[in-house]
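Have a look at the structure below, then the notes.
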Amino acid sequence: MTPGLLAIGETMAALSSPQVGPLRRARSLDLRIAGAESTVAIGAARLGVRAAWIGRVGDDEFGALIRETLAGQGVDVSGVVVDPDAPTGLMFKERRASGTTRVSYRRADGAGARLAPSDIDVGAVRAAAAVHVSGITPALSTSAREAVRLAVGEARAAGTLVSLDLNHRSSLWQGRDSAAEYRWLVERADIVFATEAEAQLLVPGRTPVELARALSEMGPASVLLKCGADGATAVVDGVVLDAPVFRVRETDPVGAGDSFAAGWLADTLAGAEPAQRLRTAAAAGAFAVTVDGDWEGLPSRAELYLLEGHDIHR
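Residue numbering for the sequence shown is 217 to 530, as defined by the numbering used here.
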C-alpha cells in the first residue's frame, strides 16, 4: 500500500431515517457508512488522490459493508483489520425537525475503539505523502491513542505531512483532558483543521484570524478555521486567506468539515497554490451538505465547475 493520502480512524455503519421526526417513529432506516477519516479518504480519491484507510471493523455484515464501500470508492483497504471479537460500531442519524440533524452512537467496546499500534502499517505511513488523523480516535481508547501517536511520530520521522482535524467530541472524553492530547497533536502537525470552538479549547482569540494565528504559533504551517456557512479562514506560512462562500441549499450538514479537509489535502498534494486549495476545499464542503450522507455528495474534479455560479441547483 503506497498511498498519497493515508487516513487512520474509525468508520461505522450509519442508520438514518428517511423521514423527519423522532427516530422511534421511523418505519424504515437507510444503511450507509460514516467516519470522519474515511470521508476524507473518499473525498481525496474522488479528486484524483491515491488514498488508503486504516482502521478496525468487526467480522460482521457492517464491517463487510465498510470495506466494500470504501474499496468501491477507490480507497485502498488492504490495511484494514477485521476483528473477530468485537462488533462494528453504529451511528444513528435523526432528523428531529426540518433542518435539524441529531447524531448518536453505539461504539463503546466496538472494533474501532480496539485500534492498536500493531494495526498501523508503518511502511505505508512512511511511504505516504500525507497522513490524516483526527481528535476523535485518541478519545476512543488508550490503544487507539497510542496508534495515532505512533502514526504521527513515524510520519514526522519520514517527512510525511501530518494532517489533523481536531473534530472535538466532548461525549467521548468524559472528563478526561482532551486539550492536552490536542496540544500534543497540533504541535506535531503540518496542517490543522478546526472550528472556532475547537480552537478556543487550546488558544485565546475571538476572531477566526486571531485563533488561526494562535494555532499556527504552536507549529503547523497551515491552519484552517472552519466557520460553517460563513466560509473559512486560513493562515498558511503566516499569510491570511479567506475562503469563498458558496451558498447552497443544505440537506445534511454532517460531513462538511471532512469534505473541506479532503479538498484542501487533494490540492496540497497536487501542488496547488494556497488560494486554489482553499477554493477547492470550500467547494467540496458545499457539495457535501447538499446530499444525504457524509460522503455521497463529494465532487469529482470534473464537477467542481458546477459551483462557479454558487448555485448547483440551477
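The beta-carbon is built from N, C-alpha and C at its ideal position, and this holds for glycine as well.
Next item on the list: Would you tell me roughly how many angstroms separate the C-alpha atoms of L247 and P234, rounded to the nearest one?
Entry: Take the alpha-carbon of L247 and the one of P234: they are about 10 Å apart.
Could you give the DSSP three-state label for V378: helix, strand or coil? Here V378 carries a strand assignment [DSSP, helix/strand/coil].
Open item on the list: Using 8 Å for Cβ pairs, my map puts E226 next to L356. What's the rounded Cβ distance?
Closed with: Contact between E226 and L356 holds, since their C-beta atoms are separated by about 6 Å, short of 8 Å.
Margin query: In this structure, how does DSSP classify A338 when only helix, strand and coil are distinguished?
Written below: One point to set straight first is that residue 338 is Val, not Ala, in the sequence displayed. Three-state DSSP puts V338 in a helix.
Does the distance from the C-beta atom of V296 to that of W269 stay below 8 Å?
-> Yes, they are a contact pair.
According to DSSP, is G295 part of a helix, a strand, or is it coil? The three-state secondary structure of G295, taken from DSSP, is coil.
*Identified DSSP bridge partners for V347*: Bridge partners of V347: L222 and V378.
- Does the beta-carbon of T353 have 16 or more other beta-carbons within 10 angstroms, so that it is buried, or is it exposed? T353 should be labelled buried.
For this session: Look at D510 and V455 and say whether their C-beta atoms are less than 8 Å apart.
Result: Against a cut-off of 8 Å, the Cβ pair of V455 and D510 comes out as no contact.
| said: DSSP three-state label for S359, please. | reply: Looking at S359 - three-state DSSP - the assignment turns out to be helix.
- Query: Taking just the CA atoms, how far does R243 sit from V236?
  - Reply: The straight-line gap from Cα to Cα measures roughly 12 Å.
### Complete alpha helix (DSSP H) runs within the region 412 to 463 (minimum length 4 residues, chain order)
Entirely contained in the region 412 to 463, the alpha helix (DSSP H) runs reaching 4 residues are, in chain order, 412 to 415 and 424 to 432.
Range covered by the beta strand (DSSP E) that runs through R311: Counting along the chain, the beta strand (DSSP E) containing R311 begins and ends at L306 to A313.
Practice item. Look up T531 in the DSSP assignment and say whether it is helix, strand or coil. Key: Since the first residue shown for the chain is 217 and the last is 530, residue 531 is missing from the structure and cannot be characterised.
Local conformation of S320 per DSSP, three classes:
Strand at S320.
(Q) Can you tell me where the alpha helix (DSSP H) holding V402 begins and where it ends? (A) For V402, the uninterrupted alpha helix (DSSP H) segment begins and ends at S394 to V402.
| query | Looking only at DSSP bridge pairs, what is L231 linked to? | reply | DSSP output for L231 lists L247 and F308 as bridge partner(s).
- Item | Nearest-angstrom Cβ-Cβ length linking T506 and R465, presumed shorter than 8 Å | Yes, they are in contact, since the Cβ atoms of T506 and R465 sit about 6 Å apart, within 8 Å.
For A363 and L263, what's the separation of their Cα atoms in angstroms? Spanning the two alpha carbons is a distance of roughly 27 Å.
Excluding the 5 residues flanking A327 on each side, which residues of the same chain have their C-beta closer than 6 Å to its C-beta?
The beta carbon of A327 is closer than 6 Å to those of R272, V273, G274, D299, A302 and T304 in its chain, skipping five residues each way along the sequence.
- [ ] Give me whichever residues DSSP pairs with W480 in a beta bridge.
- [x] DSSP, once it has assigned bridges, lists no residue as partnering W480.
Open item on the list: Taking the alpha carbon of L377 as the reference point, which residue from S386, A396, E403 and R385 has its own alpha carbon closest?
Closed with: Of the candidates S386, A396, E403 and R385, the residue whose Cα lies closest to the Cα of L377 is E403.
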